[in-house]
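If you read the sequence shown in the numbering used here, its first letter stands for residue 1253, the second for the next number, and so on.
Cβ coordinates follow ideal geometry from the N, Cα and C atoms, glycine included.
Just so it is clear, the structure is predicted and the values come from calculations on it, not from any experiment.
Taking it in order: structure first as structure tokens, then the write-up.
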Amino acid sequence: MHDLLPDDEALFEHVVGTATRVARSFDYHLIRTPIVEDAGVFLRTAGDESDIVSKEMYLFEDRGGDRLALRPEGTAGVARAYLEHGMASRPQPVRLFYWGPFFRYDRPQAGRYRQLHQFGVECIGDASPEADVEVIELQREIYRALGLTDLVLRVNSIGTAATRRAYEDALRKHFEPHLATLSADSRRRFQTNVLRILDSKEDAGHEAVRTAPSILEHLSVEDMAHWDRVGALLDDLDMAYEVDPRIVRGLDYYTHTVWEFEPRSAGGQSTVGAGGRYDGLIEAIGGPATPGVGWASGIERLMLNISGEPGGESGVATAALDAITVPLGSDGVRACLRAAAVLRAAGYAVRNGTPGRSMRAALRSADASGARFAVIAGDREAAAGTVQLKTLTGSGEQVEVPLDELAARLAEDAQG
Ligand code: ATP
Ligand code: MG
């Protein structure tokens, strides 16, 4: 788990702020679910063979003996809230977005943490291919607004549960002769959920994985209609995509359309965001059959990609400091505190200068602070109800200003 330091904050806020603005422009609404959920919410939905359930979930018992989990992903909690708050009786679909911390006992490496942050959206109560394309378009628009244009969209359809059963038989036949050379994980998956061999990180380059039959050849007529419509709508919106029959997604509740966005140069380990349709999920947590579709994007991964791009951070500035005070003498300290309060009330960011320093040392630290102005007061200014306002950029001009004109004076300078 890692700390997000003040230096990271501007970029973090830029990512979340941009994503929020774009999500709102598609009429999505923020939902905040708890970080801790009943473990069953994830155990019943993610599938025993998902990485999340088999090895990544933080599980614990509370004092009452209930089994809880730190949320490893957002969709199951949002679906739980949808059910619990009767959102099915609202006009459908319900359009939601979320962001916050998630927890996975992952192997730490660049862009992979045990506390990560995700931004995600869910469109619940709409089974149409149009809903799939709406959330993909929203995702692409967020990336575009962040300046991430060199991403590849890879799409696949995994049909419905019935489709997958037929496909699994074909996969088992295909993998059987190769079992000896596949990883231990894949050998276990061969028994429990053969589809997930395609999703194995260890065996990603294995010949048998690369030559596996495609699920697209096993889609039913209805699956095919959904899939064709998604392709046609993506074309209409000029969204370039590649069909990748090996995308099956880490979680077992997905149906039909599944996809990932990845930097063109990356080799499959740095997906910035991934999504899918999950028509079976709400039933799995005890609700009525309810379709849904959504995606989640790793905020740290987005930050890495933005700062890796030339000019990627342009427009992301740390909050600028407007003024720093230079308190001289004990009455000067009080005058400076008053001046700072007046400026903050007018919306300016002001740092209190450290009292007891020489003028020279105080001005040196004022210069280093990056503030536009130094507000200087000693005992004389305190008695006169004024401060000395010194411009720290450019001319270095210094004028005496009555306290009650100080905010107006800063505003004037910002214009001129
Ligand atoms: P991966 O195959 O990289 O493990 P995943 O299938 O586990 O990804 P999802 O569950 O789809 O990932 O999560 C959505 C997004 O969250 C990912 O595309 C990635 O950007 C981000 N993400 C996932 N795990 C981590 C992590 N441990 N640290 C940082 N970001 C992560
Ligand atoms: Mg993972």
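Per DSSP, which one or two residues make a beta bridge with F1349? Residue numbering aside, residue 1349 sits at position 97 when the sequence shown is read from its first letter. The partner list for F1349 (beta bridge, DSSP) reads L1282, V1373.
Residue of A1414, A1601, C1588 minimising C-alpha distance to D1631 = Taking the first residue of the sequence shown as 1, we reach residue 1631 at position 379. It is C1588.
Identify, in the order they occur along the chain, each residue of the same chain with its Cβ nearer than 8 Å to the Cβ of H1430, setting aside the five sequence neighbours on each side.
Start at 1 with the first residue of the sequence shown, and residue 1430 comes out as number 178. Closer than 8 Å at the Cβ level, and outside the excluded window around H1430, lie H1458, E1459, A1460.
(message) Checking 9 Å against the spacing of the C-beta atoms, do A1526 and R1498 come in under that value?
(response) On the sequence shown, position 274 is the one that residue 1526 refers to. On the sequence shown, position 246 is the one that residue 1498 refers to. Against a cut-off of 9 Å, the Cβ pair of R1498 and A1526 comes out as no contact.
Do you know how far the Cα of Y1506 is from the Cα of R1532?
Translated into the one-based positions of the sequence shown, residue 1532 becomes position 280. Translated into the one-based positions of the sequence shown, residue 1506 becomes position 254. First, the amino acid is wrong: residue 1532 is Gly here, not Arg. Taking the straight line from one Cα to the other gives about 7 Å.
key: Cutoff 8 Å; reference E1649; Cβ partners in own chain excluding five residues on either side   = Counting from 1 along the sequence shown, the entry for residue 1649 is found at position 397. Result list for E1649: K1642, T1643, in chain order.
Within 10 Å of its beta-carbon, does D1318 have 16 or more other beta-carbons around it, so buried, or fewer, so exposed? Your numbering for residue 1318 matches position 66 in the sequence shown. Exposed.
**Request:** Would you tell me roughly how many angstroms separate the C-alpha atoms of E1313 and D1290, rounded to the nearest one?
**Result:** Here the question's residue 1313 lines up with position 61 in the sequence shown. Here the question's residue 1290 lines up with position 38 in the sequence shown. Each residue's alpha carbon lies about 10 Å from the other.
Can you tell which of M1476, D1451, V1473 has the C-alpha that lies nearest to the C-alpha of A1464?
The residue you call residue 1464 lines up with position 212 of the sequence shown. The candidate whose alpha carbon is nearest that of A1464 is D1451.
- prompt: What's the gap between the Cα of A1456 and the Cα of R1462?
  reply: Taking the sequence shown and counting its residues from 1, the one referred to as residue 1456 is at position 204. Taking the sequence shown and counting its residues from 1, the one referred to as residue 1462 is at position 210. Approximately 8 Å between the Cα atoms of the pair.
State the beta-bridge partners of R1392 as determined by DSSP.
The residue labelled residue 1392 in the question sits at position 140 within the sequence shown. Bridge partners of R1392: none, in fact.
Nearest-angstrom Cα separation, counted from R1553 out to L1621: For the purposes of this step, residue 1621 is taken as the residue at position 369 of the sequence shown. For the purposes of this step, residue 1553 is taken as the residue at position 301 of the sequence shown. Looking at the sequence provided, one finds Ser at residue 1621 rather than Leu. For S1621 and R1553, the distance between alpha carbons rounds to 30 Å.
So what does E1336 bridge to, in DSSP terms? The residue labelled residue 1336 in the question sits at position 84 within the sequence shown. DSSP lists no partner for E1336.
- prompt: So is the beta-carbon of D1402 under 8 Å away from any non-hydrogen atom of the ligand ATP?
  reply: Residue numbering aside, residue 1402 sits at position 150 when the sequence shown is read from its first letter. Incorrect: D1402 has no Cβ contact closer than 8 Å to the ligand ATP.
Requested in this report: Select from A1601, P1579, Y1350 the residue whose C-alpha is nearest the C-alpha of A1614.
Outcome: The count along the sequence shown starts at 1 and reaches residue 1614 at position 362. With distances taken between Cα atoms, A1614 lies closest to P1579.
Counting Cβ pairs, one atom from each stretch, are 3 or more of them under 8 Å apart for the region 1469–1480 and the region 1411–1423?
yes
Classify P1360 as helix, strand or coil using the three-state DSSP reduction.
In the sequence shown, the residue the question calls residue 1360 occupies position 108. Reduced to three states, the DSSP call for P1360 is coil.
>> Quick check on the DSSP output: the alpha helix (DSSP H) that includes R1366 runs from which residue to which?
In response: As a first step, residue 1366 is located in the sequence shown; it is residue number 114 there, counting from the start. From DSSP, R1366 is part of no alpha helix (DSSP H); its letter is neither H nor E.
- Task: Report the three-state DSSP secondary structure of P1258 (helix, strand or coil).
- Result: In the sequence shown, residue 1258 corresponds to position 6, counting from 1. Looking at P1258 - three-state DSSP - the assignment turns out to be helix.
query = Nearest-angstrom Cα distance between T1606 and S1559?
reply = The count along the sequence shown starts at 1 and reaches residue 1606 at position 354. The count along the sequence shown starts at 1 and reaches residue 1559 at position 307. So the two alpha carbons sit approximately 34 Å from each other.
Taking 8 Å as the cut-off, is the CB of R1356 close to at least one heavy atom of the ligand MG?
Stepping through the sequence shown from its first residue, residue 1356 is reached at position 104. Yes, the ligand MG has a heavy atom inside 8 Å of this Cβ.
- Item | N- and C-terminal bounds of the alpha helix (DSSP H) containing K1453 | Working through the sequence shown from its first residue, we reach residue 1453 at position 201. Taken as a continuous stretch (DSSP letters only), K1453 belongs to no alpha helix (DSSP H), as it is neither H nor E.
Does the count of Cβ pairs from the region 1301–1311 and the region 1272–1282 closer than 8 Å reach three? no
Closer than 8 Å: D1303 CB and nearest the ligand MG heavy atom: Position 51 of the sequence shown, counting from 1, holds the residue named residue 1303. It does: the Cβ of D1303 is within 8 Å (strictly closer) of some heavy atom of the ligand MG.
- [ ] Tell me whether the beta-carbon of V1594 lies closer than 9 Å to the beta-carbon of A1634.
- [x] Here residue 1594 is taken as the residue at index 342 of the sequence shown, counted from 1. Here residue 1634 is taken as the residue at index 382 of the sequence shown, counted from 1. Not closer than 9 Å, so no.
Exercise for the section: Assign L1263 to one of two classes, buried (16 or more other C-beta atoms within 10 Å of its C-beta) or exposed (fewer than that). Expected result: As a working mapping, residue 1263 is identified with position 11 in the sequence shown. Flag for L1263 reads buried.
Q. Going by the CB atoms, is the gap between A1597 and V1639 shorter than 9 Å?
A. Here residue 1639 is taken as the residue at index 387 of the sequence shown, counted from 1. Here residue 1597 is taken as the residue at index 345 of the sequence shown, counted from 1. In this structure, A1597 does not lie closer than 9 Å to V1639 by Cβ.
So C1375 and G1546 are supposed to be a Cβ contact under 8 Å. How far apart are they, rounded? Along the sequence shown, read from residue 1 onward, the residue named residue 1375 stands at position 123. Along the sequence shown, read from residue 1 onward, the residue named residue 1546 stands at position 294. With 8 Å as the limit, C1375 and G1546 qualify as a contact, their Cβ atoms being about 6 Å apart.
Next on the checklist: Given this structure, state the Cα-to-Cα distance separating F1354 from D1255, to the nearest angstrom.
Outcome noted: For the purposes of this step, residue 1354 is identified with residue 102 of the sequence shown, where counting begins at 1. For the purposes of this step, residue 1255 is identified with residue 3 of the sequence shown, where counting begins at 1. So the two alpha carbons sit approximately 14 Å from each other.
| From R1481, L1320, R1441, residue whose alpha carbon lies closest to that of N1408 | If you number the sequence shown from 1, residue 1408 lands on position 156. Looking at the Cα atoms, R1481 is the closest of the given residues.
| By Cβ distance, which residues of its chain are closer than 8 Å to G1329, with the 5 residues on each side in sequence left out? | Taking the first residue of the sequence shown as 1, we reach residue 1329 at position 77. Counting only Cβ-Cβ distances below 8 Å, and skipping sequence neighbours, we find T1285, P1286, E1289, V1293, R1323.
Next item on the list: Quick one: residues in its chain with C-beta nearer than 6 Å to the C-beta of A1379, no 5 flanking neighbours on either side, listed in chain order?
Entry: Position 127 of the sequence shown holds residue 1379. Closer than 6 Å at the Cβ level, and outside the excluded window around A1379, lie P1543.
Residue ranges of each alpha helix (DSSP H) run of no fewer than 4 residues wholly in the region 1584–1661, ordered along the chain? 1611–1621, 1631–1636
- Query: Is T1415 helix, strand or coil when you go by DSSP?
  - Reply: Here residue 1415 corresponds to residue number 163 of the sequence shown, with the count starting at 1. The answer is helix: DSSP assigns T1415 an H, G or I state.
>> Given the structure, does V1552 come close to the ligand ATP, in the sense that its CB is under 8 Å from one of the ligand's heavy atoms?
In response: What you label residue 1552 is simply residue 300 of the sequence shown in a count that begins at 1. The sequence given here has Glu at residue 1552, not Val. Indeed, a heavy atom of the ligand ATP lies less than 8 Å from the Cβ.
(request) Take D1399 as the anchor and find which of H1426, Y1600, G1584, H1266 has the nearest alpha-carbon. (result) For the purposes of this step, residue 1399 is identified with residue 147 of the sequence shown, where counting begins at 1. It should be pointed out that residue 1399 corresponds to Gly in this sequence rather than to Asp. Of the candidates H1426, Y1600, G1584, H1266, the one whose C-alpha sits nearest the C-alpha of G1399 is H1266.
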